[in-house]
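Structure, as structure tokens:
Residue numbers (this note's numbering), protein chains in the order written: chain A, 229 to 1063; chain B, 8 to 162.
As structure tokens, this is what we get:
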């Protein structure tokens, strides 16, 4: 029996005080993971330092390394700070009264945005967890399933807290930590006076906390409420599981049946309502629909749910009048649910802890009384009790009689459209998607409603056009009227979410990616509201068809699902299998399932280098993405949750490509400068030598303007310093080919990624070799590179080149000096080098 | 910062040496009764003899319209490079003026606000406060087209 605070690992007796920042209260938990999840050789070779319940400052050294390579670029700087009673301070003229500088203020505003982005998820996770503890008890075990063990269970929680979470009480402890951390960060986002990079590091931390909260929600959903998990299913059937069984779109909502639509994050009332339907054998009589993330949760326990829209686009969907009852809660973006529902006589049941204007709190009233009031004409009810809300939704939907025809007729649309003046396009100027709305409206008199189809697809329903229209045309009513004829054709099929991706599958996936099978790993998220609705599906298709692992979550999976391949005559989820393998397309579930996508890459540190993730963020993130280029594509309108999520992915070394609708609203990018060679260096962890590498990935948070740019940039950012030749040639192949096809020329940075002729894709080899010789001055004989031109201008042998450029002769490397091996540190100390 | 009439803007631009034109996604999407915004972008480039950082999907179309010295670039990268010693991604010297055409107003304002060590001009349909100069506010596509034509005639 070891003394408390000491752990025997093989022949080593580890004193927790020497390896953990403060292990008090965590001794047993850390001992458990050290014994089960550590390699003694790693402990002997490296200075391990754990940070249980990590503060932002505990991970700051890692954050600073990233931010040094990818310093933030701020747009639309705010110059006046009004955050305290000392102000306002005009920071463009100098420091504020608290010492804050203009650039730091921008970082502070970014932190504030990230904190706000965490809030709705944090609150939803808390409500879910509290309910689960109340119903099941704190000792209720939670697990993602039998295939998850200590090596990969709830990684995003473990990496920050050090906890191997096993039951609801422990989950409560983890979530409480996240809530307390978020409080601190929020406070800093108002009263902090640090420097820019400190704020940016805290912004990363907020993102990590968001993912933790998502993971907490997922553990409750799978552990307590029976949402399907890949862990419960035979591995050999994973290539087509879950089946493409879910129908989406307004055209798949059976006419004549009562419809309940669920909106927002909180799925408890849906869970109750559907169980009520099952118990009363009413499932065939009532349609259940999803608007926003909750729909994707519902699909994991009730695949008859119809996905109708994203959270962002919910207002437009409600205005079509398809839903009799809308059960709504807070989500990533607010929706004027009552205002929209009122127009079409839908009843609203609001279930969040905070109310909405216009609805009285009816939580304490009897179910019968509320049902009667809603049937008799009440617009809605605020019910902070999921059990009541679920039953009321079903009973009201069954009894309610609505007129059912709320869209403007073709004639009414023509009449309104006739008011539009030939010489006016003010709506174009204010439209966030720059839709040519005025031109479309003026075509209505000749072409009818079909003139508006294109703008309907690109309309975010923000209403800015109506605010500036001098003729007061109800433009959104005109736009949504096009749905009358088109709703029946609005149909698609999709896979419900599958939950987590265990380490077992990621390990198999890693081998599947070898031998040039796969350019990279892609996380695809989308909020809707894009100018071209089909873009995200096209992006998913191109990346999957090219051999990537593509995983979607949240509202984005519903958007992707609508992509129809005319050649194959298939919807996209029918076209591709869904194993974690190249050329597969997976759907993990609702927005909260995004945590699994962060976990995947943390698995690789454990798989490849036996780095245990518990309370060990920096080494886990450092190793995870050295050679397996995971990138994230985010597509859709601005959303603070997505911003926080983007920072979480960037902190774990995912490069994030953001569509135009979000990127420019976030007002900040993390961009590298490929021309500044001093920024592209790593440490050889075994020797301590500083090594120049390829400038990869070139950026961490980069905006693009079009879908073609998104895919091409994605292929570029998949490059990693440790890419072996087979990975490199497939990445180069995709990057160079897409660049040429879409833009008519070779990219200007591809040569940075070449170390030898074996890196070159076979189909392009002769052409690229000629470029290397003619344009970049390399020495090439036949199909062999004899000498390479270093970026310093010197023509050198390949052996020297590999020593001075790339990690070919530094196979284990790190970005962070703290993570060098003990031997390397000794070498440097002998040479008098301070790190 | 201020609005300039097309003729004034033309005079201003003619007085500058290192101009970089940036062409965004709207160049491919907006047309004025058959004539694309991309055509105007190509004409501006030709008249000014300015290289083009062709962002979005504009490089192929620009080259087809005879624009010279066109290079595919990424709009955020161009703005980012302005923060550092210039490394010849599209022209030898660091530009002293960046001219944006084909960017939605919000995007144009964000980009202009982030540019360091250069003046910015936005040839859009709305006034962009963050730009050094922009064309007058147009209430219609037709007005915008007229502004562009007047500008090109005066170059």
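Yeah, the Cβ is synthetic: ideal placement off N, Cα and C, and Gly gets one too. Bear in mind that the values here come from a model prediction, so they are computed numbers and not experimental data.
Asked	Found
Counting only runs of 4+ residues fully inside the region 921-958 of chain A, write out the alpha helix (DSSP H) ranges in chain order.	935-945
Cutting at 7 Å between CB atoms, please list the residues of its own chain near residue 482 of chain A, excluding the five before and the five after it.	515
Under 7 Å, Cβ to Cβ, is there at least one residue of chain A near residue 113 of chain B?	yes
Residue 832 of chain A CB to nearest chain B CB: under 7 Å?	no
Grab me the residues of residue 1018 of chain A's own chain with a C-beta within less than 7 Å of its C-beta, minus the 5 sequence neighbours each way, in chain order.	1024, 1029, 1032, 1033
Mind listing the chain A neighbours of residue 133 of chain B? Cutoff is C-beta to C-beta under 7 Å, in chain order.	657
Residue 100 of chain B: buried (16+ other C-beta within 10 angstroms of its C-beta) or exposed?	exposed
For residue 717 of chain A versus residue 479 of chain A, is the C-beta spacing smaller than 7 Å?	yes
Are the region 894-907 of chain A and the region 123-130 of chain B touching, with three or more C-beta to C-beta distances below 8 Å?	no
When the Cα of residue 359 of chain A is compared with those of A:496, A:254, A:476, which residue comes out closest?	A:496
Closest Cβ-Cβ distance between residue 14 of chain B and chain A: below 7 Å?	no
Which value, in whole angstroms, describes the spacing of the CA atoms of residue 646 of chain A and residue 554 of chain A?	34 Å
When you compare the CB positions of residue 617 of chain A and residue 577 of chain A, do they come within less than 7 Å of one another, or not?	yes
Count the other C-beta atoms from every protein chain shown that fall within 10 angstroms of the C-beta of residue 891 of chain A, then say buried if there are 16 or more, exposed otherwise.	buried
With a threshold of 7 Å between beta-carbons, can residue 64 of chain B be considered close to chain A, or not?	yes
Whose Cβ in chain A lies nearer than 9 Å to the Cβ of residue 143 of chain B?	Chain A residues near residue 143 of chain B: none, gap ~12 Å exceeds 9 Å.
Please give the ranges of any alpha helix (DSSP H) in the region 338-400 of chain A, keeping only runs that are unbroken, at least 4 residues long and fully inside the region.	383-389
Can you list, in chain order, the residues of its chain with a C-beta nearer than 6 Å to that of residue 986 of chain A? Leave out the 5 residues immediately preceding and following it.	953
Let me know the secondary structure DSSP gives residue 1033 of chain A once reduced to three states.	strand
Within the chosen definition, does the region 976-991 of chain A reach the region 955-962 of chain A through at least 3 CB pairs nearer than 8 Å?	yes
State yes or no: is the beta carbon of residue 52 of chain B nearer than 7 Å to at least one beta carbon in chain A?	no
For residue 897 of chain A, go through chain B and note every residue whose CB falls closer than 9 Å to its CB, in chain order.	83, 86, 87, 121
For chain A, is any of its Cβ atoms less than 7 Å away from the one on residue 157 of chain B?	no
With a Cβ-Cβ cutoff of 7 Å, do residue 1012 of chain A and residue 942 of chain A count as a contact?	no
For residue 44 of chain B, would you say it is in contact with chain A, using Cβ-to-Cβ distances shorter than 7 Å as the test?	no
So which residues of chain A does residue 147 of chain B contact, with C-beta pairs closer than 7 Å?	651, 652, 653
According to DSSP, is residue 735 of chain A part of a helix, a strand, or is it coil?	helix
What residue from A:294, A:400, A:640 has the CA that sits closest to residue 712 of chain A's CA?	A:640
I'd like to know whether the C-beta atoms of residue 327 of chain A and residue 317 of chain A end up nearer to each other than 7 Å.	no
Where does residue 544 of chain A land, buried or exposed, given buried means 16+ other C-beta within 10 angstroms?	buried
Which residues of the region 903-933 of chain A have a Cβ closer than 9 Å to any Cβ of chain B? Give them in chain order.	903, 904, 926, 927, 930, 931, 932, 933
What did DSSP end up calling residue 812 of chain A once you bin it into helix, strand or coil?	strand
From residue 607 of chain A to residue 572 of chain A, what does the alpha carbon distance come to, in whole angstroms?	11 Å
From what residue to what residue does the beta strand (DSSP E) around residue 756 of chain A run?	749-756
Start and end of the alpha helix (DSSP H) containing residue 885 of chain A?	Here residue 885 of chain A belongs to no alpha helix (DSSP H); instead the beta strand (DSSP E) covers 883-886.
In chain order, what residues of the same chain lie with their CB nearer than 7 Å to the CB of residue 378 of chain A, ignoring the 5 residues before and after it?	261, 264, 265, 392
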